[in-house]
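Undergrad:
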Amino acid sequence: MLDKLDFKKKQMLLIALAVLLLYIAYQFSFKHAFEAMQLNGQLQKDNRAESGQTASYPQIEKKDEFCAAIVKKYKVRKEDRENHLWQCLSGMAMANKVEISFGQGPAIQADTAALSKGTVTDQFTFRGKYANIVHLLDTVSKSPGIGKIYKFKLESPKKMDKKANDDKLTLVLGLKGLEG
1 MLDKLDFKKK QMLLIALAVL LLYIAYQFSF KHAFEAMQLN GQLQKDNRAE
51 SGQTASYPQI EKKDEFCAAI VKKYKVRKED RENHLWQCLS GMAMANKVEI
101 SFGQGPAIQA DTAALSKGTV TDQFTFRGKY ANIVHLLDTV SKSPGIGKIY
151 KFKLESPKKM DKKANDDKLT LVLGLKGLEG
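FYI, full-length UniProt numbering numbers position 93 of the sequence shown as 93, with every residue one higher than the one before it.
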């Protein structure tokens, strides 16, 4: 069939097929890319108009707003806070090669005004070498979400009438934080 067509008709047919190929490529590929570029430009203009300023990092601002909304809605129950605190401190003690006691120690007098505001206090006892205890204190002081150190007491085994050659010290650590 193509053999019967002369050179001029073959060229016209080739041009028609090329135009058809370009149209199909435009419909399935280029059209969507152009629409996406146009929509991106429009959204950037709208975003700048909404904020009233040219934000250099709009994604960070959106993420910050999203995280702030989540933090406002999320409240931790007392049991969950205590479990989280115990897990964190146990992990820190193990990492620093310090023993942590499972006993609650002496009871702390509860301040009713502080309890009504959601302030909680916890006391923990650690036992280990001096350098390890110092590393533990440094780790605890830099850890967010477990409260702040409000008291600590370092005791020598000689003072507590134990073996004089034992080089492990006892640390009584008090943490205070806000619940809720």
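Ideal Cβ positions, reconstructed from N, Cα and C, are used throughout, including at glycine. Nothing here was measured: the structure is a model prediction, and the numbers come from that model.
Considering only the beta carbon of each residue, do N96 and T139 sit closer than 8 Å?
TA: In the sequence shown, counting from the first residue as 1, residue 96 sits at position 96. In the sequence shown, counting from the first residue as 1, residue 139 sits at position 139. Taking 8 Å as the Cβ cut-off, N96 and T139 qualify as a contacting pair.
Undergrad: Assuming the contact rule is C-beta atoms closer than 8 Å, I149 and G177 should be a hit. Round their C-beta distance to whole Å, please.
TA: Stepping through the sequence shown from its first residue, residue 149 is reached at position 149. Stepping through the sequence shown from its first residue, residue 177 is reached at position 177. That belief does not hold up - the Cβ atoms of I149 and G177 are roughly 10 Å apart, past 8 Å.
Undergrad: Report buried or exposed for I24, applying the criterion of at least 16 other Cβ atoms within 10 angstroms of its Cβ.
TA: Within the sequence shown, residue 24 is the residue found at index 24, counting from 1. Classification for I24: exposed.
Undergrad: Which residue or residues does DSSP assign as beta-bridge partners of R127?
TA: Walking along the sequence shown from the start, residue 127 turns up at place 127. Answer by DSSP bridge pairing, in chain order: E99 and T170.
Undergrad: Please report the residue range of the alpha helix (DSSP H) in which residue 187 lies.
TA: Any property of residue 187 remains undetermined from this structure, which presents the chain solely from 1 to 180.
Undergrad: My understanding is that F152 touches G128, with C-beta atoms under 8 Å, so please give their C-beta distance in whole angstroms.
TA: Sequence index remark: in the sequence shown, residue 152 carries index 152 (1-based). Sequence index remark: in the sequence shown, residue 128 carries index 128 (1-based). No, F152 and G128 are not in contact; Cβ-Cβ is about 14 Å, not under 8 Å.
Undergrad: Considering Cα atoms alone, identify which of L17, Y130 and L85 is closest to D166.
TA: Walking along the sequence shown from the start, residue 166 turns up at place 166. Comparing Cα-Cα distances from D166 to each of L17, Y130 and L85, the minimum goes to Y130.
Undergrad: Run through the DSSP bridge pairs and tell me what K91 is partnered with.
TA: Along the sequence shown, one-based indexing puts residue 91 at 91. The identity of residue 91 in the sequence shown is Gly, whereas the question assumes Lys. Answer by DSSP bridge pairing: none, since G91 is not bridged.
Undergrad: Which same chain residues end up closer than 8 Å to S143 when comparing Cβ atoms and leaving out the 5 residues on each side of it in sequence?
TA: Within the sequence shown, the letter at position 143 stands for residue 143. Excluding residues within five positions, the ones whose Cβ falls inside 8 Å are C88 and M92.
Undergrad: Where do the N-terminal and C-terminal ends of the alpha helix (DSSP H) with M1 fall, by residue?
TA: Looking up residue 1 in the sequence shown gives position 1. Note, M1: premise wrong, no alpha helix (DSSP H); not H, not E.
Undergrad: Near K4, what residues of its chain come up, given a Cβ to Cβ distance below 8 Å and the 5 sequence neighbours on each side ignored?
TA: By one-based count along the sequence shown, residue 4 stands at place 4. Contacts found: none.
Undergrad: What are the partner residues of V120, as DSSP defines its beta bridges?
TA: Residue numbering aside, residue 120 sits at position 120 when the sequence shown is read from its first letter. V120 pairs with G177.
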